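Each step along the sequence shown adds one to the number in the numbering used here, with nothing skipped, and position 378 is 590.
Idealized CB from N, CA, C, for every residue including glycine.
Computed from a prediction, not measured in an experiment: that's the story for all the values here.
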Amino acid sequence: MNTRRAPQRSTSVLLETLPCIVLLSGKEEEEEEEEAVRQDQKKKEFASMYLKSFSAVHLEFYRIAHHSRWSRSAAGVLEWASTQWRLYQPLGHQTFLLLLLLFPDGPAALPLAAHNLKPALPPIVKDKPFLVTWNAPTARCAAAYDVPLPLDSYGILANSQEAFVGGNITIFYYDQLGLYPYYVNTTVPPTAVHGGCPQNISLKGHLEKMTRDIAVAMTSPSFAGLAVIDWENWRPQWIRNWDKKNIYRDMSLLLVKQRNPHLSDYEAELEAKWEFETAAQSFMTDTLRLAQSLRPNGWWGYYLFPDCYNYDYLDDFEGFTGHCPPVEVQRNNDLSWLWEHSRALYPSIYMEEMLRTSPQGKKFVRAKVGEALRVAELPSAQHSLPVFVYARPFYTYTLKELSQTDLVYTIGQAAAMGAHGLVLWGDAEYSRNRTNCLKVHKYLTSTLGPYIVNVTRATELCSRHICNNHGRCIRRRMDSDAYLHLGPNPMEGISTLELANRTLSQQQKVKMEQEFACHCYKGWSGKRCLFKGHSVRLWADSWCIYGTVLSVLWIRYL
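The structure is reproduced here in structure tokens:
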């Protein structure tokens, strides 16, 4: 064994308040202390210099913002800047001024850099940046009870017969597309349908039947509507099959042990997990591949993907933050194979009654929509995926109407955050009897419909005014309370016709510019989406310059 003492090496001292590490060669303890004192003094001088810079320049900030945003004169900005450059000779002052030139919109513009978004796809209906679609079987209201729902009057897109299947939107449930495997839990032992587990199904047989099912449900090969697959019996990730879905783990484990009785419990579980997840991935991706080959213009995706799983308000209502658990965010990242094959995302923001008119409800929805928009950026495509948010006009499992506040928290928030649209889902209960039909009709005509017109019209005007109809408006800060509304009171009692014909006042235009920015459609770029062509990482370039400037500062002062 070699016991020779290793030569003493230099140590590293982490300066807590600076984002860098200063390497100190081996010195005497006294010299090290003196050096630390000098470094600490430099830090204090550096911080003091920046505070002085801010104090000296912050009043001028709004002048450069005024020059860049209102005079539209680059020469004017440079003329002003050159004067300030001579006035503020210290390097810190000049750097601060340079940052103002790089970001002439001031602090309001900086949060958008965090979005760093890919281009968006254009609306599926021209000049409708936020599309509201009806996905409830309510034709019976008119046919059986003479209570027609005037969906068209409020710009709500619906199938011709207000059915689940049609040219504008088609949703496939577990027994309507191919041979979806699942277990019936109500029997003892559970009954396997189509093999029960995805690893126990004939994929070839599934795809053959799926071809026939699509031909029947989507008769036109040019179908270009929303195409939603609603498979909820199991989830493709092993760890997410909890509670009643745990049966898919149990039965997968049983299948492995039947074939390999010699395996330990641990080994059998590893094998069962691998078999289940591999088969689930193949089943879901091959389904999307075939669907897109048969109806290539359809906006194919799975309902409830992605999900945020932020249901902890059930355990701690007062302390509920709404945030998606970090582990669930990572699990969504692990579903990259699914996002790569999806053409659209269909998250759900169904609201339970216990969230009624509460800050918790707003946080709940914001996190779910935000996570879907984050996931929309993950695929390798040169554009973000469209996000169509599923919502209900009533609280979950009831026929109690959403309050006006909760309409803002759901529909209003989805629009303001930049979703492509919203799907209003309902079941057969809506048209079960005349009483229910009248209830739906009254809510639609008195509250829901006018609010939808208000929001959709505001999104159109914002897109036109700020983005030149080449992008949709999104919040500059996703955690803000900025909404796309016509007027301060979105529920004001004015006619739908007046709402639809409204324009923006100058004050409203200014407010929209302050609170919203453009998410440009593919093929367009720039602050107002005026430039033909696109820059996927336009803001990243600006931040590279920002970082370079700061790096110069570190080198100069350290």
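Taking the beta carbon of residue i as the centre, do at least 16 other beta carbons fall within 10 Å, making it buried, or is it exposed?
| i | result |
| --- | --- |
| alanine 633 | Going by the sequence as given, residue 633 is glycine instead of alanine. Under this definition glycine 633 is a buried residue. |
| alanine 427 | exposed |
| glutamine 296 | Only weak support is given to the placement of glutamine 296: the predicted model assigns it a pLDDT of 48, under 50, and the value that follows is read from those uncertain coordinates. Buried, since its Cβ has 16 or more Cβ neighbours within 10 Å. |
| serine 434 | exposed |
| tryptophan 454 | exposed |
| tyrosine 607 | buried |
| serine 372 | exposed |
| histidine 595 | buried |
| glutamine 720 | buried |
| arginine 507 | buried |
| glutamine 625 | buried |
| phenylalanine 384 | buried |
| serine 476 | exposed |
| lysine 340 | buried |
| methionine 724 | buried |
| valine 665 | buried |
| threonine 668 | buried |
| asparagine 544 | buried |
| threonine 399 | exposed |
| glycine 582 | buried |
| arginine 644 | exposed |
| arginine 688 | buried |
| leucine 466 | exposed |
| asparagine 458 | exposed |
| threonine 431 | exposed |
| alanine 584 | buried |
Is the separation between the beta-carbon of residue i and that of residue j shorter than 9 Å?
| i | j | result |
| --- | --- | --- |
| tyrosine 642 | leucine 611 | yes |
| cysteine 619 | tryptophan 346 | Here residue 619 is leucine; the residue named in the question, cysteine, does not match the sequence. It is not a contact, given that the beta carbons lie outside the stated cut-off. |
| arginine 684 | serine 675 | yes |
| valine 601 | alanine 588 | no |
| tyrosine 366 | proline 662 | yes |
| glycine 408 | methionine 463 | yes |
| tyrosine 357 | tryptophan 443 | no |
| alanine 355 | leucine 363 | no |
| proline 591 | proline 559 | no |
| glutamate 483 | valine 468 | yes |
| cysteine 730 | isoleucine 686 | yes |
| tryptophan 736 | histidine 697 | no |
| isoleucine 368 | tryptophan 511 | no |
| alanine 593 | asparagine 509 | no |
| leucine 567 | tyrosine 525 | yes |
| leucine 660 | proline 605 | yes |
| valine 359 | histidine 653 | yes |
Could you give the DSSP three-state label for residue i: helix, strand or coil?
| i | result |
| --- | --- |
| tyrosine 262 | For tyrosine 262, the pLDDT reaches just 46, beneath the cut-off of 50, and the residue's location in the model is therefore unreliable, leaving the point undetermined. |
| glycine 417 | helix |
| lysine 654 | helix |
| glutamate 530 | coil |
| tyrosine 162 | Given a span of 213 to 770 for the chain in the structure shown, any question on residue 162 remains unanswerable. |
| alanine 325 | With a pLDDT of 39 at alanine 325, under the threshold of 50, the modelled position of that residue is not reliable, and the figure given next carries that caveat. Of the three classes helix, strand and coil, the one that applies to alanine 325 here is helix, per DSSP. |
| arginine 452 | helix |
| asparagine 397 | coil |
| glutamate 613 | strand |
| phenylalanine 273 | With a pLDDT of 41 at phenylalanine 273, under the threshold of 50, the predicted position of this residue should be treated as unreliable, and no value is reported. |
| threonine 608 | coil |
| glycine 661 | helix |
| tyrosine 386 | coil |
| glycine 683 | strand |
| alanine 286 | Note that alanine 286 has pLDDT 41, beneath the 50 cutoff, so the model's placement of it is unreliable and no number is given. |
| alanine 332 | strand |
| alanine 268 | Confidence at alanine 268 is low in this model, with a pLDDT of 46, below 50, so its placement is unreliable and the value that follows should be read with caution. It is helical. |
| tryptophan 637 | strand |
| alanine 351 | helix |
| alanine 370 | coil |
| tryptophan 346 | strand |
| valine 405 | strand |
| leucine 466 | helix |
| alanine 375 | coil |
| tyrosine 642 | helix |
Please check the pair residue i and residue j, which I expect to be a contact at CB under 8 Å, by giving their CB distance rounded to whole angstroms.
| i | j | result |
| --- | --- | --- |
| threonine 715 | leucine 673 | 7 Å |
| phenylalanine 342 | alanine 694 | 15 Å between Cβ atoms; not a contact. |
| alanine 332 | tyrosine 733 | 5 Å |
| alanine 404 | alanine 375 | With 8 Å as the limit, alanine 404 and alanine 375 do not qualify as a contact, their Cβ atoms being about 31 Å apart. |
| leucine 550 | serine 494 | At roughly 12 Å, the Cβ-Cβ gap does not stay under 8 Å, so leucine 550 and serine 494 are not in contact. |
| glycine 531 | alanine 579 | That pair is no contact at about 15 Å. |
| leucine 500 | serine 554 | 7 Å |
Looking at the ligand GDP, does it come within less than 8 Å of residue i, judged from the CB to the closest heavy atom?
| i | result |
| --- | --- |
| lysine 421 | No copy of the ligand GDP occurs in the structure displayed, which carries no ligand at all. |
Review point. Which parts of the stretch 714 to 753 are runs of the beta strand (DSSP E), unbroken and 3 residues or longer, counting only runs that do not cross its ends?
Key: Counting only runs of at least 3 residues, the stretch 714 to 753 fully encloses the following beta strand (DSSP E) elements, listed from N- to C-terminal order: 728 to 732.
**Study point:** alpha helix (DSSP H) segments (min. 4 residues) lying fully within the stretch 557 to 587
**Key:** Scanning the stretch 557 to 587 for uninterrupted alpha helix (DSSP H) segments of 4 residues or longer gives 571 to 587, listed from N- to C-terminal end.
Review point. In the stretch 482 to 508, which residue ranges form an unbroken beta strand (DSSP E) of at least 3 residues, counting only runs that do not cross its ends?
Key: The DSSP assignment places no complete run of the beta strand (DSSP E) inside the stretch 482 to 508 (cut-off: 3 residues).
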